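Q: Our numbering puts the sequence shown at residues 169 to 630. Ideal placement from N, C-alpha and C gives every residue a C-beta, glycine not left out. Here the structure is a predicted model, which is why all the values come from computation and not from measurement. After the structure tokens below, expect a handful of questions from me.
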Amino acid sequence: MLTCPEPAANPVLWPWGTKREEDGQLSFAGHKVTELAQSFGTPSYLFDLDDFAARAETISSAMAEEFWEGYGFSGASVYYAGKAFLCTALGNAISRAGMGIDTASLGELTVALNPAMGVDPKKIGLHGNNKSVECLRLALRSGIGRIIVDSLGEIDLLQSLCESENATAPVMVRVTTGVHAGGHSFIATAHEDQKFGLSLASGAALQAVKKIISAKNLQLVGLHSHIGSQIKDLASFQVAAERMLAFRAQVQKLGEPVPEVDLGGGLAISYQGEEVPTASEYARSLASSVKRACQQAGSDIPHISIEPGRWLAGPVCVSLYQVGTVKDVQLEDGSIRKYVSVDGGMSDNIRPALYDAGYVATLASRVSDAPAVSCRVVGMHCESGDILVPEIVLPADVNAGDLLVIPATGAYGRAMASNYNLVPRPGVVGLSGKSSPRYIVALETVDDLLRMDVGIVGLSQG
Ligand code: LLP
């Protein structure tokens, strides 16, 4: 039976400053859960800003060290994949670590470009298999450093936009390497039968490169590969890197320099206490395959970039819920399953329902001597599949009013939250040793939802 590892026993699962206090409460960055629940309500995402900053420094310096010019490399850059979770409160940590931002929509691009973010537009990239004209125009006007083209048609569109804007676009080609990796088929992105990128095997990637070379207003600044997400097996990244560098050598033979290769995001995190590669293991294994592939191809080593999202935002945040209904349900084999309902669910964490993603949960407001029993943690939505944790050991006396925490929800949690059942999305509470807890993304209210409902003439008319 699955149990939730305690912070002291398994720090990799928990935000940095997590502690079980003497009174049995969990605390985050020095703040006990009952206090946080009282100030900010439940459900809430508790996001450790200091831990995010530390992870940003850690992965940036791991890459800088392994791809150091002194070892014969051409340096490395890290772009934070904003799709995991983006708000301006992260800007400071991102820019201090020297990172850029990878965006994938008009909204993400607009937030990344916000002056409050403090990130140089040259360090912003734009992805997307179907970018809007509005988004591409903003990218050109704001002078972002890279637009990653995803189709042959987009190359024509971008060239004509550049002509009308009198601009030159720095572009990368999103290459499908054929490496199939990742936690779930929905989040693997480099096998052939999916919507992203231009295939290496079919020749579409080479065709795109040639088209860009002959387009007057497009400048090829690099090649890009992203093979999937929640990848624990470093060998998959290595195979993709080798294919990309062999392809780069082929492009360079056309007489076109390719100064940069981006190897995408995808590094896994721990969701249930399992071991995962460290940032330095990841950086080292990438560096060794990049070097080997360049030697084999007889080419120089390009600047390498990566785009981690989950690795940075995932582990630094937990979801805080309050327990409501607790129900013993008799199963067909006569056994009892305890259903523990919390005040959130699939609207604030769709990942279990969508990908069968595994999480753990623990009692956060106290410890208990009651016997351990197998429980199922479910949400409050009108759907039987609204299950956050299918099976987890909790004390038998778990009851209404208890606080429950699910770790590792910072990536693709709030970012993929919905208003299903017209439930307001929870706020994200930023925690830091340097300041008091505060919302970094505000809590939605039912009034916010009503404001979107244009059928109501005026809220004040009640
Ligand atoms: N770069 C590109 C081009 C991507 O498409 C992605 C993720 C990343 C970087 C960041 O990948 P990460 O380091 O976060 O694994 N909603 C799914 C994950 C979808 C990832 C989409 N692309 C989930 O909740 O697991």
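Determine the closest residue to Y247 out of P425, H295, S456, with distance taken between C-alpha atoms.
A: By 1-based counting over the sequence shown, the position of residue 247 is 79. Y247 has its Cα closest to that of H295, out of P425, H295, S456.
Q: Helix, strand or coil for G630, going by three-state DSSP, please let me know.
A: If you number the sequence shown from 1, residue 630 lands on position 462. Here G630 scores only 49 on pLDDT, less than 50, and its place in the model should not be relied on; the value that follows carries that caveat. Of the three classes helix, strand and coil, the one that applies to G630 here is coil, per DSSP.
Q: Leaving aside the five residues before and after G630 along the sequence, list all residues of the same chain whose C-beta is less than 8 angstroms from its C-beta, in chain order.
A: As a position in the sequence shown, residue 630 is number 462, starting the count at 1. Residue placement at G630 cannot be trusted, given a pLDDT of 49 that sits under 50; the coordinates are not used to answer.
Q: Taking only heavy atoms of the ligand LLP into account, decide whether any of them is closer than 8 angstroms to the Cβ of Q440.
A: As a working note, residue 440 is residue 272 in the sequence shown. No, Cβ of Q440 sits at least 8 angstroms from all heavy atoms of the ligand LLP.
Q: Do you know how far the Cα of P470 is from the Cα of F364?
A: Along the sequence shown, one-based indexing puts residue 364 at 196. Along the sequence shown, one-based indexing puts residue 470 at 302. Computed Cα separation, rounded: 24 angstroms.
Q: Identify, in the order they occur along the chain, each residue of the same chain with its Cβ nearer than 6 angstroms to the Cβ of E225, setting aside the five sequence neighbours on each side.
A: Position 57 of the sequence shown, counted from the start, is the residue given in the question as residue 225. Correct list, in chain order: A265.
Q: If the criterion is Cβ atoms closer than 9 angstroms, does the pair V546 and I560 meet it?
A: Start at 1 with the first residue of the sequence shown, and residue 546 comes out as number 378. Start at 1 with the first residue of the sequence shown, and residue 560 comes out as number 392. Not in contact: V546 and I560 (Cβ atoms no closer than 9 angstroms).
Q: Is it true that the CB of G293 sits closer than 9 angstroms to the CB of E637?
A: Absent from the model: residue 637. The displayed extent of the chain is 169 to 630, so no value can be given.
Q: Taking the beta strand (DSSP E) that E233 falls in, what are its first and last residues?
A: For this step, residue 233 is matched to residue 65 along the sequence shown. Careful: E233 lies outside any beta strand (DSSP E), inside the alpha helix (DSSP H) at 217 to 234.
Q: Helix, strand or coil for L329? Go by DSSP, reduced to three states.
A: The residue given as residue 329 occupies position 161 in the sequence shown. In the structure shown, L329 sits in a helix (DSSP, three-state: H, G or I).
Q: Just how far apart, CA to CA, sit P563 and D537?
A: Here residue 563 refers to the residue found at position 395 when the sequence shown is read from its first residue. Here residue 537 refers to the residue found at position 369 when the sequence shown is read from its first residue. So the two alpha carbons sit approximately 7 angstroms from each other.
Q: What did DSSP end up calling P179 once you bin it into helix, strand or coil?
A: Translated into positions along the sequence shown, residue 179 becomes position 11. P179: helix per DSSP, three-state reduction.
Q: Could you tell me which residues DSSP pairs with I555 in its beta bridges?
A: As a position in the sequence shown, residue 555 is number 387, starting the count at 1. I555 pairs with V546.
Q: For L611, does the three-state DSSP call read helix, strand or coil?
A: For this step, residue 611 is matched to residue 443 along the sequence shown. Coil, per DSSP.
Q: Would you check if the distance between the CB atom of P183 and the CB atom of L214 is smaller than 9 angstroms?
A: Reading the sequence shown from its first residue, position 15 is the one you call residue 183. Reading the sequence shown from its first residue, position 46 is the one you call residue 214. Yes, they are a contact pair.
Q: DSSP state of G240, grouped into three classes?
A: By one-based count along the sequence shown, residue 240 stands at place 72. The answer is coil: DSSP assigns G240 none of H, G, I, E or B.
Q: Run through the stretch 262 to 346 for me and flag every whole alpha helix (DSSP H) of 4 or more residues, listed as ranges in chain order.
A: Listed in chain order, they are 274 to 281, 301 to 310, 320 to 333.
Q: Would I323 be called buried (16 or more neighbouring beta carbons within 10 Å of its own) or exposed?
A: Here residue 323 corresponds to residue number 155 of the sequence shown, with the count starting at 1. With 16 or more other Cβ atoms within 10 Å, it is buried.
Q: So, at 7 angstroms on beta carbons, what are the nonlocal neighbours of T577 in its own chain, with the 5 sequence-adjacent residues on each side left out?
A: Counted from its first residue, the sequence shown places residue 577 at position 409. Within the same chain, T577 has close Cβ partners Y213, C485, V486, S487, N517.
Q: What distance in whole Å lies between the Cβ atoms of G192 and R534, which are believed to be in contact at a cut-off of 8 angstroms?
A: Within the sequence shown, numbered from 1, the residue matching residue 534 stands at position 366. Within the sequence shown, numbered from 1, the residue matching residue 192 stands at position 24. Indeed, because the Cβ distance is near 4 angstroms, the residues count as touching under 8 angstroms.
Q: Rounded to the nearest angstrom, what separates V317 and V510 at their Cα positions?
A: On the sequence shown, position 149 is the one that residue 317 refers to. On the sequence shown, position 342 is the one that residue 510 refers to. So the alpha carbons of these two residues sit roughly 43 angstroms apart.
Q: Measure the alpha-carbon distance for S552 versus L435 and round it to whole angstroms.
A: In the sequence shown, counting from the first residue as 1, residue 552 sits at position 384. In the sequence shown, counting from the first residue as 1, residue 435 sits at position 267. Each residue's alpha carbon lies about 31 angstroms from the other.
Q: Would you grab the beta carbon distance between I269 and K290 for me? Rounded to a whole angstrom, and I think it's under 8 angstroms.
A: Numbered from 1 along the sequence shown, position 101 holds the residue referred to as residue 269. Numbered from 1 along the sequence shown, position 122 holds the residue referred to as residue 290. About 11 angstroms; that fails the 8 angstroms criterion.
Q: If you compare alpha carbons, which of L431, P173, F208, L181 is closest to S604?
A: Here residue 604 refers to the residue found at position 436 when the sequence shown is read from its first residue. Selected option, being the one with the closest Cα: F208.
Q: Could you pull the DSSP bridge partners for L635 from this structure?
A: Nothing about residue 635 can be reported from this structure: the residues present for the chain run from 169 to 630 only.
Q: Whether or not the stretch 334 to 347 and the stretch 388 to 398 are in contact is what I'm after, with contact meaning three or more pairs of Cβ atoms, one per stretch, closer than 8 angstroms; do they touch?
A: Short answer: they touch.
Q: Just verifying my parser: in three-state terms, what is the DSSP assignment at Y450?
A: Position 282 of the sequence shown, counted from the start, is the residue given in the question as residue 450. Three-state DSSP puts Y450 in a helix.
Q: Is F215 a contact residue of the ligand LLP, with contact defined as CB to any heavy atom under 8 angstroms?
A: Numbered from its first residue, the sequence shown carries residue 215 at position 47. The answer is no for F215.
Q: Work out the CA separation of T202 and D615 for me, nearest whole Å.
A: Walking along the sequence shown from the start, residue 615 turns up at place 447. Walking along the sequence shown from the start, residue 202 turns up at place 34. The alpha-carbon atoms of D615 and T202 are separated by roughly 26 angstroms.
Q: Hey, F253 and A447 are a contact pair by Cβ (cut 8 angstroms); roughly how many whole angstroms apart?
A: Indexing the sequence shown from 1 puts residue 253 at position 85. Indexing the sequence shown from 1 puts residue 447 at position 279. The Cβ separation is near 18 angstroms, so there is no contact.
Q: Taking only runs of the alpha helix (DSSP H) that begin and end inside the stretch 364 to 432, which ones reach a length of at least 4 residues, in chain order?
A: Within the stretch 364 to 432, the complete alpha helix (DSSP H) runs of at least 4 residues are 372 to 382, 402 to 420.
Q: Rank R452, I504, Y439 by C-alpha distance to the C-alpha of P179 and give the top, closest one.
A: Here the question's residue 179 lines up with position 11 in the sequence shown. Checked all of R452, I504, Y439; the closest Cα to P179 is Y439.
Q: Can we say the stretch 592 to 601 touches the stretch 232 to 244, given the rule of at least three CB pairs closer than 8 angstroms?
A: Touching, no, given that fewer than three Cβ pairs across the two stretches are closer than 8 angstroms.
Q: For a quick check, are the C-beta atoms of Y527 and K251 less than 9 angstroms apart?
A: Numbered from 1 along the sequence shown, position 359 holds the residue referred to as residue 527. Numbered from 1 along the sequence shown, position 83 holds the residue referred to as residue 251. Against a cut-off of 9 angstroms, the Cβ pair of K251 and Y527 comes out as no contact.
Q: Buried or exposed, going by whether 16 or more other CB atoms sit within 10 Å of the CB of C550?
A: Here residue 550 corresponds to residue number 382 of the sequence shown, with the count starting at 1. Label assigned to C550: exposed.
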